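Novice: As numbered in this note's numbering, the sequence shown has no gaps in its residue numbers, which increase by one up to the final residue, 588.
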Amino acid sequence: MTSIAIMQPTFLPWIGYFALIDQVERFVYLDDVQLSRQSWQTRNRLKGPDGAVMLSLPVARKPSKPLIMEAKLAEGPWREKLRATADHLLGRAPHGTAAVALLRDALDAAGDSLLHLNIGIIERICDAAGLTTPRSRASDLTLDTVDRTGRLAAICAACGADTYVSPPGAVAYLSDDSTLQDAEIDVKIFDYHPEEYPQSYPPFVSHLGAIDAFAHLGASAFAETMRAGCRPDLSLSAAQARTP
345 MTSIAIMQPT
355 FLPWIGYFAL
365 IDQVERFVYL
375 DDVQLSRQSW
385 QTRNRLKGPD
395 GAVMLSLPVA
405 RKPSKPLIME
415 AKLAEGPWRE
425 KLRATADHLL
435 GRAPHGTAAV
445 ALLRDALDAA
455 GDSLLHLNIG
465 IIERICDAAG
475 LTTPRSRASD
485 LTLDTVDRTG
495 RLAAICAACG
505 ADTYVSPPGA
515 VAYLSDDSTL
525 QDAEIDVKIF
535 DYHPEEYPQS
545 YPPFVSHLGA
555 IDAFAHLGAS
565 AFAETMRAGC
575 RPDLSLSAAQ
585 ARTP
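#1: Short check: CB of Ser480 to CB of Val372, under 8 Å?
#2: Going by CA-CA distance only, name the one from Leu356, Arg495 and Pro538 that's closest to Asp521.
#3: From Leu434 to Phe362, what distance separates their C-alpha atoms?
#4: When you compare only the Cα positions, how much space is there between Ala559 and Met398?
#5: Enumerate in chain order the residues of its own chain whose CB-to-CB distance from Arg448 is below 7 Å, with the five nearest sequence positions on each side excluded.
#6: Check the DSSP bridge columns for Ser510 and list the partner residues they point to.
#7: Based on the DSSP output, what are the partners of Phe371 in its beta bridges?
#8: What is the DSSP secondary structure of Gly392, reduced to helix, strand or coil?
#9: Going by CA-CA distance only, name the one from Leu451, Ala572, Leu578 and Asp376 that's closest to Gly360.
#10: So is Met570 buried or exposed if we call it buried at 16+ other beta carbons inside 10 Å?
#11: Could you please give the first and the last residue of the uninterrupted beta strand (DSSP E) stretch that includes Leu578?
#12: Rounded to the nearest angstrom, what separates Tyr508 and Gly474 at their Cα positions?
#13: Determine the DSSP secondary structure at Val403, reduced to helix, strand or coil.
#14: Just tell me which of Gly440, Ala505 and Val403 has its CA closest to the CA of Leu461.
#15: Given that a residue counts as buried once 16 or more other Cβ atoms are within 10 Å of its Cβ, and exposed if not, what is Phe548?
#16: With which residues is Gln378 paired in a DSSP beta bridge?
#17: Which residues in the same chain have their Cβ closer than 6 Å to the Cβ of Ala445, if we skip the five residues on either side of it in sequence?
#18: Tell me whether Ser522 sits in a helix, a strand or coil according to DSSP, three-state version.
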């Protein structure tokens, strides 16, 4: 059996995103679908002294409805503002200097590409934490279907995967669509419960961008804490039974 996860490359994804990468044998960035401008693809949260602070990326107006891989970052002074905000929010953390440097490196390397920035951050955290799951992009595959679930099945087939591990947010539509099962792909639901870790500004806030955990824990402890939140994958029916 070969397991796979397929996820859109989001901005500063939470620690569970990295745990999912770590749990599967193949990981594919779903970069050839339409960008949702007001989504986790362009924003996420870090912890400040007064609670969670939202960081956002400005996306150029044209093209108006780009694929993720086509989206351009807007011009302007926002990069330096983002660097300064990250330094302010993470600088007190034990490993804050390394975390801010990681973000700066990704910003410098991305040019005007949203995709390159988001994947650049993810890849740098994966490499620092020692995550070895092979990672690739959907846009590098030859896919004919545009149907949402059919596309997942096509990616699984192209990567030789027979087990698809999905985040729990997809339970409803996967339960109503048998495309994956018809393709003899076993559907599992990732079950993750994030661990608490020391933060510069208590009390603890969960589901922040994972760079917050990286800044407070360092690479090795980040990986340990990340893995501690994993539970055995659920069957689709078991996950459906949990859904209110």
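C-beta: ideal position from N, C-alpha, C; glycine also. As the structure is a computational prediction, the values presented were derived from the model and not from experiment.
Specialist: The answer reads as follows:
#1: Working through the sequence shown from its first residue, we reach residue 480 at position 136. Working through the sequence shown from its first residue, we reach residue 372 at position 28. Against a cut-off of 8 Å, the Cβ pair of Val372 and Ser480 comes out as a contact.
#2: Here residue 521 is taken as the residue at index 177 of the sequence shown, counted from 1. Among Leu356, Arg495 and Pro538, the Cα nearest to that of Asp521 is on Arg495.
#3: Numbered from its first residue, the sequence shown carries residue 434 at position 90. Numbered from its first residue, the sequence shown carries residue 362 at position 18. Near 19 Å, if we compare the C-alpha coordinates of Phe362 and Leu434.
#4: Residue numbering aside, residue 559 sits at position 215 when the sequence shown is read from its first letter. Residue numbering aside, residue 398 sits at position 54 when the sequence shown is read from its first letter. For Ala559 and Met398, the distance between alpha carbons rounds to 17 Å.
#5: As a position in the sequence shown, residue 448 is number 104, starting the count at 1. Contacts found: Arg427.
#6: Translated into positions along the sequence shown, residue 510 becomes position 166. The partner list for Ser510 (beta bridge, DSSP) reads Ile533.
#7: Position 27 of the sequence shown, counted from the first residue, corresponds to residue 371. Beta bridge pairing from DSSP links Phe371 with Ala349 and Arg479.
#8: Against the sequence shown, residue 392 aligns to sequence position 48. Here Gly392 sits in strand by DSSP.
#9: For the purposes of this step, residue 360 is taken as residue 16 along the sequence shown, with counting starting at 1. The candidate whose alpha carbon is nearest that of Gly360 is Ala572.
#10: Position 226 of the sequence shown, counting from 1, holds the residue named residue 570. That one is buried.
#11: The residue labelled residue 578 in the question sits at position 234 within the sequence shown. Residues Cys574 to Ser579.
#12: Your numbering for residue 508 matches position 164 in the sequence shown. Your numbering for residue 474 matches position 130 in the sequence shown. Distance between the alpha carbons of Tyr508 and Gly474: 23 Å.
#13: Here residue 403 is taken as the residue at index 59 of the sequence shown, counted from 1. In this structure, Val403 counts as strand in the three-state DSSP scheme.
#14: Taking the sequence shown and counting its residues from 1, the one referred to as residue 461 is at position 117. Nearest of Gly440, Ala505 and Val403 to Leu461, Cα basis: Val403.
#15: Translated into the one-based positions of the sequence shown, residue 548 becomes position 204. Counting C-beta atoms within 10 angstroms of its own C-beta, Phe548 has fewer than 16 neighbours from the protein chains shown and is therefore classed as exposed.
#16: Taking the sequence shown and counting its residues from 1, the one referred to as residue 378 is at position 34. Per DSSP, the beta bridge partners of Gln378 are Leu411.
#17: What you label residue 445 is simply residue 101 of the sequence shown in a count that begins at 1. Excluding five sequence positions before and after Ala445, none of the CB atoms of its chain fall closer than 6 Å to its own CB.
#18: For this step, residue 522 is matched to residue 178 along the sequence shown. It is coil, neither helix nor strand.
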